[in-house]
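Oh and the sequence shown: position 358 is 358 in full-length UniProt numbering, straight run, nothing missing. No residue lacks a Cβ here, since even glycine has one placed at the ideal position from N, Cα and C. Please read all numbers here as calculations on a predicted model, not as lab measurements. For reference, the structure is listed below as structure tokens.
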Amino acid sequence: MGTDLRTRRSIHALTLGDIAENNARRFGDATAVEDEDSVWTHAGLAQQAGELAAGLAARGVARGDIVAWTGGNSAWLPVALLAAGRLGAALAPLHPKSTDAEREDQLAQLGPRVVLDGPGGAAALCDAQTPPEDQALEDDPVLVIGTGAFDGRQRWAQLTHRGLILQSLLLSARDQLSPREVYLASGPLAHVGTFQYVLAHWLVGARTVVVPRMEPKQFAELVDRLGVTGAYLVPASVPQIVAAAEERGLKLSTLRTPALSGSEVLDRWTAMTSRPVWAGESLGTSTGYGQTEVTGLVTSVALGTGAPVGNVGWPQHVASVRVVRPGTLDEADPGEVGEVVVRGPLVMAGYRGDDMTRRWEGGWHHTTDLGVREADGSLTFVGTSTNMVKSGGENVYPAEVERILLEHEGVRAVCVVGVEDARWGSRIAAAVAGEVTEAALEEFARERLASHKRPRLWEVVDELPKASGRVDRAAVAKLFTNRG
């Protein structure tokens, strides 16, 4: 007689494989996930994952191994996730926009046992023999997502079965998901945000349609044809989607979307989409705070009885979130800027190949992000602390200074940097885009910032220098070269 490996688990264990087994029985022939080339029902998804797991096992994949995916968005990705997870291994989807050199470096970091280069490669490995017993434990890493991390280096956050299931439950409850939903996965599945929504819809028996990328015309057509209720959506695409829908007479009324206003096109978008979401959400502003390392969101504006004071809402029910004074675990006072730390089952199982000594000091996950705990218990996200400047022995966080300066009505954008100084170590400098004078900025800052945080050098510019769509801090620093 063979040994049932599942009897080795804790009686409290629950994994993605268990969910797949339950869904196969409960939802059976209902569509779970599809793309233009493949369609799987919930029963078929579980079966296909078992066949791929058998093929991966035949190639030596075992507990703790990595299965890398380089094939871009595909309905095969949930199959590969379940297959790797069945073996106690983890799936690592690489971003489709990675260059060959980046991909080579990423694979060297991950050290995968098997690399799946797309649907063809996955299908070729499938083996119809009896699938191996599910060997996963609830705290095993199962999804490994690339992240820039706190020191700017590429790191690989290992997300667990437990964390992914809990986040899926939180999202499905918050969004009131049901088996009738249709989710359009047009964002990269190499990001936790898109993959997590796929899992949340799968968990409740809903249908997910995977497309290679966001294409406004295709988006509008699929919403109209399939009755899409939720989707990966970026604000910049809204005008194009509206134009495509109006040009072709397509309906977007099934789409769950926040009401938007402020321009003619946003008014038209709101009129075309009729399913409201929770109070407080709006495209272009954060509906919660999180990061890859904590399996997505750990706060949400949807968790209170009204509008929160803080811009990212209250902590999730299964996460402990604090704001502490940097370098300590002393809780900051309400209204005081500090580092956001998190504890609970949503926290990753660490970076692959990292002992996490620095990041998990004191039994908390240190996000390196800055926040403010408000009087109502909600959180205001301030920014990252990784660009900290040491001036006169004092720690100055550019994100905090930038937040204050952006409150000036004449400031459109601002970037604060440290400029080397023989006496003070660094002096605080601010480049500002807007209709404002240096004298006005100086007066504004003097009233609102402690002396060690106040910029001593100013530069008013038409636009801040950017690289790859983001403010280029190095270029900003050069604006102050040789400034006395």
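Item                                                                                                            : Value
For GLN158, the first and last residue of its enclosing beta strand (DSSP E)                                    : 155-160
Among LEU329, ALA349, LEU346, MET348, the one whose alpha carbon lies nearest that of VAL340                    : LEU329
Proximity winner among GLY227, VAL210, GLY392, GLN167, relative to LEU297 (alpha-carbon distances)              : GLN167
Through-space distance from TYR183 to PHE219, alpha-carbon basis                                                : 11 Å
Touching by the beta-carbon criterion (3+ pairs, under 8 Å), the region 332-352 and the region 301-310          : no
Local Cβ density within 10 Å of MET348, reported as buried at 16 or more and exposed below that                 : buried
Beta-carbon separation (whole angstroms), THR160 vs GLU133, contact threshold 8 Å                               : Their Cβ separation, rounded to whole angstroms, is 20 Å, which puts THR160 and GLU133 out of contact at 8 Å.
Inter-residue CB distance, LEU77 and LEU189 (contact presumed, cutoff 8 Å)                                      : 5 Å
C-alpha distance - GLU394 paired with GLU420, whole-angstrom precision                                          : 14 Å
Where the beta strand (DSSP E) through ILE428 begins and ends                                                   : 425-434
Straight-line Cα distance separating GLY377 from ARG454                                                         : 29 Å
DSSP state of residue 485 mapped onto helix, strand, coil                                                       : The chain is shown from 1 up to 484; residue 485 falls before or after that span and cannot be answered.
Where GLN129 falls, given that 16 or more other Cβ within 10 Å makes a residue buried                           : exposed
Beta-carbon proximity check, ALA24 vs ALA46, cutoff 8 Å                                                         : yes
The region 224-233 / the region 247-254 touching (three or more Cβ pairs under 8 Å)                             : yes
Integer-rounded CB distance, given that ALA92 should sit under 8 Å from LEU110                                  : 5 Å
ARG352 beta carbon less than 8 Å from that of VAL144                                                            : yes
The region 63-73 / the region 238-253 touching (three or more Cβ pairs under 8 Å)                               : no
Other residues of its chain near MET388: CB distance less than 6 Å, five sequence neighbours each side excluded : ASN395, TYR397
The region 365-384 contacting the region 424-443, beta-carbon criterion three pairs below 8 Å                   : no
Entirely enclosed beta strand (DSSP E) segments - the region 177-255, minimum 3 residues                        : 182-185, 207-210
Beta-ladder partner(s) of ILE145, from DSSP                                                                     : ALA157
Endpoints, the alpha helix (DSSP H) within which ILE66 is located                                               : Not the alpha helix (DSSP H): ILE66 falls in the beta strand (DSSP E), residues 66-69.
DSSP bridge partner residues for TYR351 (one or two, in chain order)                                            : ALA157
Counted within 10 angstroms of its Cβ, other Cβ atoms place ILE404 as buried (16 or more) or exposed            : buried
Cβ neighbours of GLY28 in the same chain (closer than 8 Å, five flanking residues each side left out)           : THR41, HIS42, ALA43
Counted within 10 angstroms of its Cβ, other Cβ atoms place HIS201 as buried (16 or more) or exposed            : buried
Status (buried if at least 16 other CB within 10 Å, exposed otherwise) for PRO315                               : buried
Whole-number beta carbon distance between ASP355 and ARG155, since they are thought to touch under 8 Å          : With 8 Å as the limit, ARG155 and ASP355 do not qualify as a contact, their Cβ atoms being about 13 Å apart.
Alpha-carbon to alpha-carbon, ARG373 and GLY310                                                                 : 8 Å
C-beta contact flag for SER385 and THR368 at 8 Å                                                                : yes
Of the listed residues ARG207, LEU222, ARG26, nearest to ARG213 (C-alpha basis)                                 : LEU222
Status (buried if at least 16 other CB within 10 Å, exposed otherwise) for ASP175                               : buried
Cβ neighbours of LYS217 in the same chain (closer than 6 Å, five flanking residues each side left out)          : ALA244
Cα-Cα separation, ARG423 to LYS390                                                                              : 12 Å
VAL234 classed as buried or exposed, judged by whether at least 16 other C-beta atoms fall within 10 angstroms  : exposed
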